[in-house]
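0 is the number of the first residue of the sequence shown in numbering that gives the first Met the number 0; add one for each residue after it. Glycine included, each C-beta is placed from N, C-alpha and C at the ideal position. Computed from a prediction, not measured in an experiment: that's the story for all the values here. Structure, as C-alpha cells:
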Amino acid sequence: MYQNLEECIVDLEAHGHLVRIKEEVDPYLEMAAIQRRTYQEGGPAILFENVKGSKYPAVANLFGSIERSKFMFRKNWDKVEQIIALRDDPMKAIKSPLKNVGNGFSALAALPMRKPGLNGSQLEEIKLSDIPFIHSWPDDGGAFITLPQVYSEDPDKPGMMNANVGMYRVQLNGNEYEQDKEVGLHYQIQRGIGVHQTKAAKKGEPLKVSIFVGGPPAHTLSAVMPLPEGLSEMLFAGLLAGRRFRYGYVDGYCVSHDADFVITGDLYPDDTKPEGPFGDHLGYYSLTHEFPVLKVHKVYARKGAIYPFTVVGRPPQEDTSFGALIHELTGDAVTQELPGVKEVHAIDAAGVHPLLFAIGSERYTPYQKVKQPTELLTIANRILGFGQLSLAKYLFLTAEQDEPVSTHDEEVFLQYILKRIDLKRDLHFQTNTTIDTLDYSGTGLNSGSKVVFAAYGDVKRELCTEVPEVLLDAKAIKRADLIMPGVIAVETKAFKDYAQAKKEMTTLTNALAKEGGLEDCPLIILCDNSEFVSESCRTSSGRRLPAAIHLMTCMV
C-alpha cells in the first residue's frame, strides 16, 4: 500500500490522522513527553518537523490507536488474516481450494526482492549522530531506538528466508559506548538473534547485524509479530504492505532499500558493555547490565528520511495498541499451536509478559470423583514453554465448567478462579528457572521463579465484599482496603531488607492463620499504600483490575 513511511504520513494527514509540529522540539525528554500526552488523550500521529540537533524530522504515535493502525493496513488486512489462518490450518486449502488459490498467489507476490547493492535505494551514507537521539525518561542511560527492526541471519543457513527480524532495544549513546562507532543491543537470550549469535560465536566469527528504522509501517509491525514457525517476517511484511520487501547486500550486510535508516555492524563473541537504565513497560527502570555491543560499520539514511519512535513505559502506552493489533491479526494462532489451549490473554496492565490468563480443556474429569485440575497442569507447561509466553511469571489457568468464561473480562475471570481455587492444591511453583530479563523480582538476572494458579471444580466459596475484621485488627497491618470481591490490599510498614520481610511476614501469616476468618478472601496483596491501590482501581461504573494486576507482578 505504501512504498515508504513518507507516503503513509501523507495519507494519514489527508484523512485527519496526523498533525505537524513546526516549532523546534528538543529530543531530550520534550518529544517523549508530547508523545505520551497525545497518546493518553487519544490524539493523532505527530510529525515533528524541526528536531533540535538533527536535520531529520521524526514521527510518533503512528500506532497510537487500533483504529489508526487498521486504517494504515486497510487494503491488505483481510488477505493477511486469511493467509495466517491458512498457515495455522492447512486443511482449509484442501477443503476450499478455489477460495484459497488467491492466497497462494498473494504469498508468492510478496516474496522479498533482492537488488544489487544500493541500486535504486535512495540511501546515502551518514553518521550515526545525524539521527535524532531521542531520550525518553530522565534516568535513561542514553537515547534509544524504540521501533527498530533488528535483522540477523542464521550462520548455518544464511539468506533472507532463514533470517530473524526482531524489535530489540538499541542504545545509541551514553555509558561506555564510543560515539558513532558503537551501540548497545538488549535482547532475551532465547530470541532469534541470540540463537544466531551463539552459532556465530561457536564458529569464532562476528555476527553481521543490520538495524532498519522506518520504511512502510508493515515492516515495523513484522518485527514484533509472533509469527507461526516457518513464516518469514520479511514475507509477512510484504503481505501486509502489499509490496515486496526490497533489499541488497553491501559489504556482506543486508540493507533494506525501503527503510528510512539502516545501521550495519558486527557482534563479536563475548564483547559486551553496560546497557541501560531504561524506563520500561513494567513501570520502573530496568537497571544497567552487560549486553552485546554492536561495532558500527556504516549508517545510511534515505533521501527525505523520517525517524519513527515511540515511548516505552507503564501501560497503557502505544505498545498497548500494538498488542491489540497483533491479537486481532493472529487470531487463533496460539490455540492452533498448543493442543488443549482455548484462549490465552497477556495482560497489558501488567506489562504484557509477566501475567497470563488462560483457558484450557479438562477432559480427565469424568474419571475423577472430585473435580480438580489435571489436564490443566500439562497445558500450563505447554504455555510456559511456548515462545514469548515463556517470559510469564504468573499464569492463571482454568477450564469452563457450568458457565462460559472469557480471559478478556479480567475481573470476572479472576473471580471465577478465586471461587474455585484450593490454595493447598492449586498453586504450582517453578523455582530456580529462567525468567524475563526485565523482571527484577528474582534472585538475579534471568533467574527466579514462576507460579501457576490452576483452578477447576465446584465453587468452594463466595468471595468477601468487605475487609474482614481480622485484617483490620491485626497489629502489623496499617490499613486494608477492598480491591474487588475476594481481593484485599494490605498495607504494612516498609521492610529494611529481605531477611526482615521474611521474618515479619511469617509472624503475620501465622497470626492470621490462627485467627481464621479469611476463607472468603483468597487473594491478599501486600503493598505500601493500600488506599492508593484500591482507589486506582475505581471507575465511574464500578471497579477495574489493572492497578491490582500490575501490583501482582511485583510480588516475590
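Backbone secondary structure at residue i - three-state DSSP
i: Lys126; result: coil
i: Val469; result: helix
i: Ser535; result: coil
i: His326; result: helix
i: Leu34; result: The question names Leu, but residue 34 in the sequence shown is Gln. Reduced to three states, the DSSP call for Gln34 is helix.
i: Thr464; result: coil
i: Lys69; result: helix
i: Arg419; result: helix
i: Lys341; result: strand
i: Glu336; result: helix
i: Leu293; result: strand
i: Ala500; result: helix
i: Lys98; result: Any answer about Lys98 is weak, because its pLDDT of 47 lies below 50 and its placement is not dependable; what the coordinates show is given next. Helix at Lys98.
i: Gly359; result: strand
i: Val79; result: helix
i: Lys201; result: helix
i: Phe380; result: Position check: residue 380 holds Asn in this sequence, whereas Phe was assumed. The answer is helix: DSSP assigns Asn380 an H, G or I state.
Other residues of its chain near residue i: CB distance less than 8 Å, five sequence neighbours each side excluded
i: Tyr150; result: Ala162, Asn163, Val164, Val208, Ser209, Ile210, Phe211, Cys253 and Ser255
i: Thr287; result: Gly140, Asn174, Pro273, Glu274, Gly275 and Pro276
i: Ser64; result: Gly41 and Ser320
i: Val404; result: Ile358, Thr397, Val411, Phe412 and Tyr415
i: His195; result: Ser151, Glu152, Asp153, Pro154, Asn163 and Leu206
i: Leu110; result: Leu234, Gly237 and Arg243
i: Arg190; result: Asn163, Gly165 and Tyr167
i: Val469; result: Leu511, Glu514, Gly515, Gly516 and Leu517
CB of residue i within 8 Å of CB of residue j, strictly
i: Phe62; j: Phe395; result: no
i: Pro353; j: Ala323; result: no
i: Gly183; j: Glu274; result: yes
i: Ser533; j: Ala493; result: no
i: Thr309; j: Gln34; result: yes
i: Glu346; j: Glu399; result: This sequence places Ile at residue 346; Glu is not what is there. Cβ atoms of Ile346 and Glu399: not closer than 8 Å.
i: Gly456; j: Gln371; result: yes
i: Glu374; j: Gly339; result: yes
i: Lys74; j: Glu48; result: no
i: Glu5; j: Ile305; result: yes
i: Pro215; j: Asp257; result: yes
i: Gly516; j: Pro467; result: yes
i: Gly384; j: Gly247; result: no
i: Tyr478; j: Glu530; result: Position check: residue 478 holds Arg in this sequence, whereas Tyr was assumed. Against a cut-off of 8 Å, the Cβ pair of Glu530 and Arg478 comes out as a contact.
i: Pro137; j: Leu220; result: no
i: Val9; j: Ile45; result: no
i: Glu80; j: Leu328; result: yes
Buried versus exposed, by CB contacts within 10 Å (16 or more), residue i
i: Glu23; result: exposed
i: Lys418; result: buried
i: Val411; result: exposed
i: Leu426; result: exposed
i: Phe449; result: Sequence check: residue 449 is Lys here, not Phe. Looking at its Cβ environment, which holds 16 or more other Cβ atoms inside 10 Å, Lys449 is buried.
i: Ala217; result: buried
i: Tyr38; result: buried
i: Leu266; result: buried
i: Phe428; result: exposed
i: Ser446; result: exposed
i: Thr406; result: buried
i: Glu123; result: exposed
i: Tyr497; result: exposed
i: Glu289; result: exposed
i: Val249; result: buried
i: Gly213; result: buried
i: Gly158; result: exposed
i: Arg36; result: exposed
i: Val458; result: exposed
i: Gln499; result: exposed
i: Met551; result: Legend: pLDDT at Met551 = 46, less than 50; position of this residue unreliable, no value from coordinates given.
i: Leu481; result: buried
i: Gly443; result: exposed
Contacting residues, own chain, Cβ-Cβ under 7 Å from residue i (five flanking each side not counted)
i: Met160; result: Ser231
i: Asp155; result: Lys198
i: Gly125; result: Position check: residue 125 holds Ile in this sequence, whereas Gly was assumed. Val298, Tyr299 and Ala300.
i: Ala453; result: Pro372, Leu375, Leu376, Ala379, Leu396, Asp425 and His427
i: Ser68; result: Phe62, Ser320 and Leu324
6 Å Cβ shell around residue i - same chain, five flanking residues per side excluded
i: Gly15; result: none
i: Ala142; result: Phe132, Ile133, His134, Leu171 and Asn172
i: Gly282; result: Arg313
i: Gln2; result: none
Cutoff 8 Å: residue i Cβ touching any chain D Cβ
i: Glu6; result: Absent from the structure is chain D; it holds one protein chain and no more.
Per DSSP, cross-strand counterpart(s) of residue i
i: Ala510; result: Answer is none; Ala510 lacks a bridge partner.
i: Phe308; result: Ala59
i: Ser151; result: Asn163 and Val208
i: Tyr283; result: Note: Tyr283 sits in no beta bridge, so no partner.
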